[in-house]
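Protein sequence lines, in the order shown, are assigned to chains A and B. My numbering numbers the first residue of the first sequence as 66 and each following residue consecutively. My numbering numbers the first residue of the second sequence as 98 and each following residue consecutively. We treat Cβ as the ideally placed atom computed from N, Cα and C, and that holds for glycine. Okay, so here's the structure we're looking at.
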Amino acid sequence: MIHVVTHAQRHIYARQLTAMHRMRREVFVGKRGWKLQTREDGGEYDRGDDDKAIYFMMLDRDGGLQVSVRVRPVTDWSILLDEMPGCVEGDVAALRRPDIWEMARHLAGQQGRSVGEAKRRAAEFRIAMLEAALRKGVTRLIGSVDVGLLAHGIRAWLDLKPLGLPVVYPEGGAAVGYEIQVSEDLVHRLRRAHGVTRTSAFELEVETATPWMTPAGLEAAFRGPAAYSEAFHA
Amino acid sequence: MGRADFDDATRATVFRFLQEAQGLATLDALNAEFRAAVAAMGFTGAVYIRLSADGRALPPRPVFGEGAPEGWVEHYFARNYARYDTAIPMSFQSREPFTWSDAAGRGMEKETGTLFGEAFEWWGADVLICPVRGINGGVSIVDLAMEKGRKLDEVERSTAHALASLYAVVGEGFLERPGAPSEELEKPLSWREAECVYWVCLGKSDDEIGAILSISRKTANHHVESAKTKLGVASRASLAWRAFALGLVQPPLF
């Protein structure tokens, strides 16, 4: 199950969000050497981590964070359009539309016990994002990807297209801006390619949430009666 | 952030390929458009080579593209150069493009020096090697020939790498596509023809093949010519190239 965490659900996913920001610092600041803002809680934050941000999270059975990405409307600010406009050939302003989301700060940890399982779960994650985007009226996802991961990105998303020539990071390496057309057709092709049949994006309705609805409780409930029993009656 | 400092025409050609590669209808069209895009950047040839798939190492087999001098592939395999080719392990280790010159500098063995010395001489060029990951669970490379001694800045390398990534992923897509031209031959090679092709790949003449297989030079030539017809090629060099590409010959490399 992929959890959709909007501003309304932040308090329920507080532990996972803290872990995500810390992982972002570890990966982007620690390992990649990017000059990004950090806070006293040990996490990395930027302008995009505001009320408009939506986080997609894949969790383990205990509610621990495995994979996450942030999406956000680009109307007021985006990394690609405002910090890396050189990645876009042509009119940058034309991309500043309410039906476009930017994907950023993708963290991928352990997704499966085998290569096959990891691939399938990564595909579920992408499908969940596309389904949520469609539900919210989004027609395009944009972002930037390391040049070395471009082929992987195209293979993974099928409809990923470069928006311009690569731009070199001051810290080393280079990125390519991209766009993905969000469509039912793309969701169907990804489902078919990876054998994913059920919807995997889950957005908790906060008003009707009951106390057992913690991220771990939701995971247990979603994984079936045995997992639920193990989690709550052990 | 460093933006590419290309002239407008180069920039437009490169961007067109990045935008349109995924919509091209055939592998031939892809090859033509890619050649145009990299030519705009000053590269003179381009070859796509698989190094591994699904976690298994493969002989460094050219799959599509062109640019290698006639006879080079046969020579490379005949000398078992893959064993000393430092560019192969570097392709697995590096996420960034690098050149033959970079790889030659890594060699500790005498044969590595010989390999690159001959490569520079045959090609009359240096080659930018662009590693591509994420296809078929393995690593592939796109070799881009360029003027010897040319120094590429980081933007040029990154742009070539992006073009090569598109070329690789779209080209592989054509080979995997249902209904794509089959890699199986309409008329398969006979056992004798396959044997002769193997020795052609190792750079042997008809006389030498005849001696090895205990057949006459004329018979050896007949088998080679027949194999050329079946593979749809005109020269012995192309025969070897195509045979490697189709996986018909697997010389002992490692």
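Task: C-beta atoms of V271 of chain A and R205 of chain A nearer than 8 Å - done: no
TODO: Pick helix, strand or coil for G231 of chain B, following the three-state DSSP scheme.
DONE: strand
Open item on the list: Counting only C-beta atoms, is H72 of chain A closer than 8 Å to chain B at any point?
Closed with: no
Open item on the list: Under 8 Å: do the segment 192 to 202 of chain A and the segment 206 to 220 of chain B share three or more Cβ pairs, one atom per stretch?
Closed with: no
TODO: Could you work out which residues of chain A lie near H258 of chain B, taking near to mean beta carbons separated by less than 9 Å?
DONE: V212, G213, L215, P231, A239
TODO: Measure the alpha-carbon distance for W166 of chain A versus V139 of chain A and round it to whole angstroms.
DONE: 6 Å
Open item on the list: If you reduce the DSSP assignment to three classes, tell me which class I119 of chain A lands in.
Closed with: strand
- [ ] Return the chain-ordered list of same chain residues with a C-beta closer than 6 Å to the C-beta of A158 of chain A, the five sequence neighbours on each side being excluded.
- [x] none
TODO: Would you grab the beta carbon distance between G242 of chain A and L145 of chain A for me? Rounded to a whole angstrom, and I think it's under 8 Å.
DONE: 5 Å
TODO: Kindly indicate if chain A contains any beta-carbon less than 8 Å away from that of V229 of chain B.
DONE: yes
Open item on the list: Distance cutoff 8 Å, beta carbons only. Does F131 of chain B sit that close to anything in chain A?
Closed with: no
- [ ] Please check if any C-beta of chain A sits within less than 8 Å of the C-beta of A277 of chain B.
- [x] Residue confidence for A277 of chain B is low, a pLDDT of 47 falling below 50, so the modelled location carries little weight; the figure read from the coordinates is stated next. Taking Cβ atoms only, chain A never reaches closer than 8 Å to A277 of chain B, which makes this a no.
Open item on the list: Considering just the uninterrupted stretch of the alpha helix (DSSP H) at D303 of chain B, what are its terminal residues?
Closed with: 303 to 310
- [ ] For A277 of chain B, name the three-state secondary structure that DSSP assigns.
- [x] Its pLDDT being 47, under 50, A277 of chain B is placed unreliably in this model, and the value from its coordinates should be taken loosely. In the structure shown, A277 of chain B sits in coil (DSSP, three-state: anything other than H, G, I, E or B).
Task: CB contact check: F174 of chain B to chain A, cutoff 8 Å - done: no
Task: Cutoff 7 Å; reference D304 of chain B; Cβ partners in own chain excluding five residues on either side - done: R314
Task: Rounded C-alpha distance that separates P278 of chain B from P285 of chain B - done: Low confidence applies here, because P278 of chain B scores a pLDDT of 47, under 50, leaving its location unreliable and the question unanswered by this model.
Open item on the list: With three or more C-beta pairs closer than 8 Å as the rule, is the segment 207 to 214 of chain B touching the segment 239 to 249 of chain B?
Closed with: no
Open item on the list: So, for G164 of chain B: in the same chain, excluding its five sequence neighbours on each side, which residues have a beta-carbon less than 7 Å away from its beta-carbon?
Closed with: T141, G142, A143, V144, A242
TODO: Express the C-alpha separation of A183 of chain A and V132 of chain A in angstroms, rounding to a whole number.
DONE: 11 Å
TODO: Indicate whether at least one CB of chain A lies closer than 8 Å to the CB of I232 of chain B.
DONE: yes
Task: Range covered by the beta strand (DSSP E) that runs through S149 of chain B - done: 142 to 150
TODO: Going by DSSP, name the residue or residues bridged to K226 of chain A.
DONE: A:E244
Task: For M88 of chain A, the three-state DSSP class (helix, strand or coil) - done: helix
- [ ] Examine chain A for any beta-carbon lying closer than 8 Å to the beta-carbon of V266 of chain B, and answer yes or no.
- [x] yes
- [ ] Examine the ligand NAD and report whether any of its heavy atoms sits within less than 7 Å of the Cβ of A179 of chain B.
- [x] Although the ligand NAD was asked about, the structure shown includes no ligands whatsoever.
TODO: Would you mind giving the Cβ-Cβ distance between G213 of chain A and R192 of chain B, rounded to the nearest angstrom? I have them listed as a contact below 8 Å.
DONE: 4 Å
Open item on the list: When you compare the CB positions of M88 of chain A and L225 of chain A, do they come within less than 8 Å of one another, or not?
Closed with: no
Task: Where the beta strand (DSSP E) through F161 of chain B begins and ends - done: 153 to 163
Task: Contact residues within the segment 144 to 158 of chain A, judged by C-beta distance below 7 Å to chain B - done: M149, G151, E154
Open item on the list: Against chain A, with Cβ distances strictly below 8 Å, would Q190 of chain B count as a contact?
Closed with: no
Open item on the list: Quick test of the definition: if touching needs 3 or more C-beta pairs under 8 Å, does the segment 114 to 129 of chain A touch the segment 246 to 261 of chain A?
Closed with: no
Task: Close beta carbons around W197 of chain B, own chain, < 8 Å, minus the five adjacent residues each side - done: A184, F213, A216, F217, D223, V224, I226
- [ ] Reducing DSSP to helix, strand and coil, say where D182 of chain B ends up.
- [x] coil
Task: Endpoints, alpha helix (DSSP H) assigned at P124 of chain B - done: Per the sequence presented here, residue 124 of chain B reads as Leu, with Pro not at that position. From DSSP, the alpha helix (DSSP H) with L124 of chain B extends over 124 to 137.
Task: Any C-beta of chain D under 8 Å from that of L115 of chain B - done: Among the protein chains of the structure shown, namely A and B, there is no chain D.
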